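As they're listed, the protein sequences go chains D and W.
Residue 261 in our numbering sits at position 155 of the first sequence, with consecutive numbering throughout.
Residue 107 in our numbering sits at position 103 of the second sequence, with consecutive numbering throughout.
Working notes for the structure below.
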Amino acid sequence: MKDEQLIKNLIKQGESDQLEFKESVRKEDIAKVLCAFLNAEGGTILIGVQDGGKVIGINDADKQESELKNYLFRSIIPEAPITISTEIIGNKTILLAKVWNGSKPPYVFNGAIYYRKKAQTVKATSSDISKLIVERQKTELHWERQPALGIGLEDLDELEIRKTLKDLAQYGRGKMFSETETEDFLTYYGLYQNGILTNAAVVLFAKEPTRYLPQCRVRLTVYKGSKSSDTFIYDKIFEGNLFRSIEEILQFFDVNIATKSRFSDKKWFREDMTFPKLALREGLMNAFIHRDFTSVSGTVTVAFYPDRLEITNTGELYGGYTPSSLAKNHLSVPRNPDIAHVCFLRQLIEKIGRGTIKMIEDCESKGYPKPVWQSNSGVTILTFKDVTVTSNTDDAVNDAVNDAVNDAVNDAVRRGIIDAVSDAVSDTISDAVKAIIANDKGVSITEIMNKTGKSNATVKRYLQILRTIQFIEFRGAAKTGKYYLTQKALAEIAKKK
Amino acid sequence: MGKKRLKIMVSSTVSGNEYILDQIAAILRQKFKYDVIMSKKGSVYVPIDCTEDKEKACLKAVEDCDMFLGIIFPRYGSGITHKEFLEAKRLNRPRLFMVHERIEFLRKLFHPYLFDGQNRRTDFEIKENSVLDSIKVVDMYYDVSNNWIHSFSNEGELLSFIEQQYKDHQRRIKELQNQKA
Numbered sequence: 107m108k109d110e111q112l113i114k115n116l117i118k119q120g121e122s123d124q125l126e127f128k129e130s131v132r133k134e135d136i137a138k139v140l141c142a143f144l145n146a147e148g149g150t151i152l153i154g155v156q157d158g159g160k161v162i163g164i165n166d167a168d169k170q171e172s173e174l175k176n177y178l179f180r181s182i183i184p185e186a187p188i189t190i191s192t193e194i195i196g197n198k199t200i201l202l203a204k205v206w207n208g209s210k211p212p213y214v215f216n217g218a219i220y221y222r223k224k225a226q227t228v229k230a231t232s233s234d235i236s237k238l239i240v241e242r243q244k245t246e247l248h249w250e251r252q253p254a255l256g257i258g259l260e261d262l263d264e265l266e267i268r269k270t271l272k273d274l275a276q277y278g279r280g281k282m283f284s285e286t287e288t289e290d291f292l293t294y295y296g297l298y299q300n301g302i303l304t305n306a307a308v309v310l311f312a313k314e315p316t317r318y319l320p321q322c323r324v325r326l327t328v329y330k331g332s333k334s335s336d337t338f339i340y341d342k343i344f345e346g347n348l349f350r351s352i353e354e355i356l357q358f359f360d361v362n363i364a365t366k367s368r369f370s371d372k373k374w375f376r377e378d379m380t381f382p383k384l385a386l387r388e389g390l391m392n393a394f395i396h397r398d399f400t401s402v403s404g405t406v407t408v409a410f411y412p413d414r415l416e417i418t419n420t421g422e423l424y425g426g427y428t429p430s431s432l433a434k435n436h437l438s439v440p441r442n443p444d445i446a447h448v449c450f451l452r453q454l455i456e457k458i459g460r461g462t463i464k465m466i467e468d469c470e471s472k473g474y475p476k477p478v479w480q481s482n483s484g485v486t487i488l489t490f491k492d493v494t495v496t497s498n499t500d501d502a503v504n505d506a507v508n509d510a511v512n513d514a515v516n517d518a519v520r521r522g523i524i525d526a527v528s529d530a531v532s533d534t535i536s537d538a539v540k541a542i543i544a545n546d547k548g549v550s551i552t553e554i555m556n557k558t559g560k561s562n563a564t565v566k567r568y569l570q571i572l573r574t575i576q577f578i579e580f581r582g583a584a585k586t587g588k589y590y591l592t593q594k595a596l597a598e599i600a601k602k603k
Numbered sequence: 005m006g007k008k009r010l011k012i013m014v015s016s017t018v019s020g021n022e023y024i025l026d027q028i029a030a031i032l033r034q035k036f037k038y039d040v041i042m043s044k045k046g047s048v049y050v051p052i053d054c055t056e057d058k059e060k061a062c063l064k065a066v067e068d069c070d071m072f073l074g075i076i077f078p079r080y081g082s083g084i085t086h087k088e089f090l091e092a093k094r095l096n097r098p099r100l101f102m103v104h105e106r107i108e109f110l111r112k113l114f115h116p117y118l119f120d121g122q123n124r125r126t127d128f129e130i131k132e133n134s135v136l137d138s139i140k141v142v143d144m145y146y147d148v149s150n151n152w153i154h155s156f157s158n159e160g161e162l163l164s165f166i167e168q169q170y171k172d173h174q175r176r177i178k179e180l181q182n183q184k185a
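Written as structure tokens, this is what we have:
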């Protein structure tokens with residue numbers, strides 16, 4: 107479903123407790139309504155739409171969008187993640203502003219607390235305010251707001267904090283801070299309270315989060331068969347902070363996910379399709395911000411099977427949502443709002459409440475089946491069918507070869523059997539081994555020359571080193587024979603896998 | 005006499021998360037119908053003859069209020085808040101203090117260092133660190149400790165205790181009138 111259709115569907119629903127139409131960009135009115143949404147159940151404002159639902163559009167949308175954004179971040183207290191985007195309906199441009207329900211009520215605009223009652227925005231009554239104070243007290247008990255023990259400012263990843271400050275300056279999604287104001291930044295976003303870092307700060311910014319919170323670990327496994335009880339061919343634990351882990355996992359996706367090919371119905375040609383990158387990124391992101399961190403054994407796992415990819419996080423779907431409601435426009439309140447807020451500042455959450463729809467769209471446009479959510483027995487599993495790792499660039503094997511060759515070469519150098527070699531030479535020697543491994547019928551010098559791009563003399567020199575360390579052997583007649591890996595080489599590589 | 009709004013001054017040592025003061029002010033204003041003055045940056049009531057002197061303006065604000073709410077977070081800051089507390093005490097304004105639970109802990113921990121055998125304050129001071137900038141927050145606490153005091157451990161509790169304490173607005177007005185009479 108395209109954005110335009112989504113918005114048309116919204117307009118059809120008419121104004122409600124979570125939806126408001128505004129004809130024009132009257133900043134104060136918009137701030138009042140968003141303040142009310144934050145104090146109630148969250149909601150959406152469509153600007154450039156009349157009360158009855160007629161789309162009239164607004165002029166100069168881009169300028170109005172950036173002015174409105176700046177105004178809202180400054181005037182609604184405390185600061186909350188607010189998505190503002192321009193949307194096209196027919197030939198009209200409108201603005202869409204959306205918020206989750208807030209995690210630090212009561213929200214205040216212009217000195218007053220607003221509340222949403224059906225389709226009306228009103229000043230909160232005495233009993234509304236009492237309710238908000240009770241809610242606020244509950245949020246203080248939340249896992250991510252608890253003090254993290256044994257960690258200080260010096261244990262934080264300065265680079266990731268700097269990146270966040272840079273993103274704040276670039277995208278203007280919140281209050282800006284200079285590089286010398288790290289403490290103020292952390293305090294402002296609730297990650298540093300009276301001189302003590304919170305659990306959320308550890309998840310987001312610790313250099314080594316698993317030292318304090320083992321549940322920050324993420325495991326990525328490539329299984330041989332279709333069950334997690336099957337043997338695996340690759341297994342890695344990521345122990346960095348949220349930003350580092352996500353970055354490393356996305357890199358793994360980029361390098362290892364197989365290109366899917368299909369044959370067109372009518373013409374006999376092959377079409378190579380890239381994997382749904384946006385959907386995978388969003389799915390991974392959701393696993394982090396919606397996961398339940400309370401158990402130390404809790405985790406996020408990324409598992410590749412021969413026919414699918416599964417991203418699993420501890421914690422069932424949160425806030426009353428079901429797998430089927432995720433396919434619609436919805437407001438899934440994040441289980442970890444402080445973590446989600448910083449991810450929002452980093453542009454890792456693009457548009458509130460539309461991530462899952464975008465995921466479905468991305469999969470469909472790349473020719474992949476729709477992702478499937480399951481939520482039970484304390485976990486949420488997101489499955490992408492047909493997303494698999496490619497077998498010919500098997501990272502596990504490559505790493506094992508590199509390690510085995512390096513160790514054997516270093517050992518031979520230490521024992522004075524060969525002269526020391528540079529890293530570049532060692533890499534090329536490894537490439538030669540990979541060329542041999544890929545072909546169990548043996549490989550000729552010419553084939554290794556082609557694979558490594560080196561001259562005949564160079565390849566011969568490297569093959570001599572491999573023979574000295576007993577990694578290869580030559581079988582057959584002098585002119586037609588080929589190089590094979592020795593049993594020793596295979597055993598060394600297997601050990602590293 | 006119509007329904008005259010009582011003027012309450014909120015004075016706090018908070019730094020960084022100033023939003024909590026805006027929330028407190030909004031609650032006092034909207035739920036309990038007080039007029040609120042805050043010594044927070046940009047929002048203090050500044051009489052015309054005090055525009056050059058922030059401290060003077062803050063102390064004038066204490067003089068003009070009917071009631072005083074002081075909040076001690078574990079951060080001393082510039083010392084203006086301390087002066088406001090002392091002024092409220094000197095003028096005998098009806099006052100309530102909300103104190104972060106860590107302050108009582110600090111008081112007990114540092115008591116032997118803060119006072120000598122004759123119970124005189126020594127010149128003891130801590131080295132500024134991430135959880136506390138000055139031991140003077142404990143002095144502030146001593147200065148108000150015979151007043152109406154409440155401890156809190158987080159922002160949610162702070163809001164909740166303030167709500168409880170100011171719930172009975174009418175009774176509070178009567179108390180004030182009796183006091184003035």
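Glycine included, every Cβ here is placed at the ideal spot set by N, Cα and C.
Since we're looking at a predicted model, the values are computed, not measured.
If you drop the 5 nearest sequence neighbours on each side, which residues of the same chain put their C-beta closer than 7 angstroms to that of residue i?
i: D:Q593; result: none
i: D:T270; result: V448, L451, R452
i: D:F311; result: L262, D263, E266, I267, N347
i: D:K133; result: L174, Y177
i: W:R106; result: P78
i: D:F127; result: E121, L152, V155, Q156, D157, G159
Between which residues of its own chain and residue i is the CB-CB distance below 6 angstroms, once the five residues before and five after are set aside?
i: D:F375; result: Any answer about D:F375 is weak, because its pLDDT of 49 lies below 50 and its placement is not dependable; what the coordinates show is given next. Correct list: empty, nothing qualifies.
i: D:F344; result: V324, S351, E354
i: D:A86; result: This structure cannot settle anything about residue 86 of chain D, because the visible part of chain D is limited to 107 through 603.
i: D:I302; result: P253
Kindly indicate if chain D contains any beta-carbon less than 7 angstroms away from that of residue i.
i: W:R9; result: no
i: W:K171; result: no
i: W:V141; result: no
i: W:V103; result: no
i: W:P116; result: no
i: W:S82; result: no
i: W:E132; result: no
Who are the Cβ neighbours of residue i in its own chain at under 8 angstroms, not counting the five residues just before and after it?
i: D:E470; result: K476
i: W:R9; result: K37, Y38, D39
Answer with buried or exposed for residue i, where buried requires no fewer than 16 other C-beta atoms within 10 angstroms of its C-beta.
i: D:D517; result: exposed
i: W:P116; result: exposed
i: D:G149; result: buried
i: D:Q170; result: buried
i: D:Q321; result: buried
i: D:A275; result: exposed
i: W:E179; result: exposed
i: D:N115; result: exposed
i: D:K372; result: A caution first: D:K372 carries a pLDDT of 48, below 50, which makes its placement in the model unreliable, though a value can still be read off. Burial call: exposed.
i: W:P51; result: Bear in mind that the predicted position of W:P51 carries a pLDDT of just 49, short of 50, making it unreliable; the figure below should be weighed with that in mind. Looking at its Cβ environment, which holds fewer than 16 other Cβ atoms inside 10 Å, W:P51 is exposed.
i: W:E67; result: exposed
Distance cutoff 7 angstroms, beta carbons only. Does residue i sit that close to anything in chain W?
i: D:N300; result: yes
i: D:S232; result: yes
i: D:I239; result: yes
i: D:Q243; result: yes
i: D:E246; result: yes
i: D:P212; result: yes
i: D:I578; result: no
i: D:I235; result: yes
i: D:G622; result: In the structure displayed, chain D extends from 107 to 603; residue 622 of chain D sits before or after that span and is not available.
Would you check whether the ligand GDP has a heavy atom nearer than 6 angstroms to the C-beta of residue i?
i: W:F36; result: This structure lacks the ligand GDP; in fact it carries no ligand of any kind.
| Which residues, in order along the segment 16–36 of chain W, keep a beta-carbon less than 9 angstroms from a beta-carbon of chain D? | Result list: S19, G20, N21, E22, Y23, I24, D26, Q27, A29, A30, I31, R33, Q34, K35, F36.
| task | May I have a chain-ordered list of the alpha helix (DSSP H) segments no shorter than 4 residues that lie completely inside the segment 216–251 of chain D? | result | 232–246
| request: Taking only beta carbons into account, state which residues of the segment 259–285 of chain D come closer than 9 angstroms to chain W, listed in chain order. | output: Those would be L259, in chain order.
| request: Please specify which runs of the beta strand (DSSP E), each continuous and at least 3 residues long, are wholly inside the segment 510–559 of chain D, giving them in chain order. | output: none
| query | Which runs of the alpha helix (DSSP H), 4 residues or longer, sit entirely within the segment 129–209 of chain D? | reply | 133–145, 167–181
| request: Name, going along the chain, the residues of the segment 156–167 of chain W whose beta-carbon falls closer than 8 angstroms to a beta-carbon of chain D. | output: Hits within the stretch, in order: N158, E159, G160, E161, L163, S164, E167.
| query | What are the uninterrupted segments assigned as alpha helix (DSSP H) that are 4 or more residues long and contained completely in the segment 304–365 of chain D, given in chain order? | reply | The DSSP assignment places 305–311, 348–362 as complete runs of the alpha helix (DSSP H) inside the segment 304–365 of chain D, in order along the chain (cut-off: 4 residues).
| request: Check each residue of the segment 172–186 of chain D: if its Cβ is closer than 9 angstroms to any Cβ of chain W, include it; give the result in chain order. | output: I183, P184, E185
| task | Name, going along the chain, the residues of the segment 486–515 of chain D whose beta-carbon falls closer than 9 angstroms to a beta-carbon of chain W. | result | none
| message | Threshold first: 3 residues or longer. Then list the beta strand (DSSP E) segments lying entirely within the segment 444–513 of chain D, N to C. | response | Within the segment 444–513 of chain D, the beta strand (DSSP E) runs of at least 3 residues that lie entirely inside it are, in chain order, 478–482, 485–491.
| query | Going along the chain, which residues of the segment 286–317 of chain D sit with their C-beta nearer than 7 angstroms to a C-beta in chain W? | reply | D290, T293, Y294, N300, G301, I302
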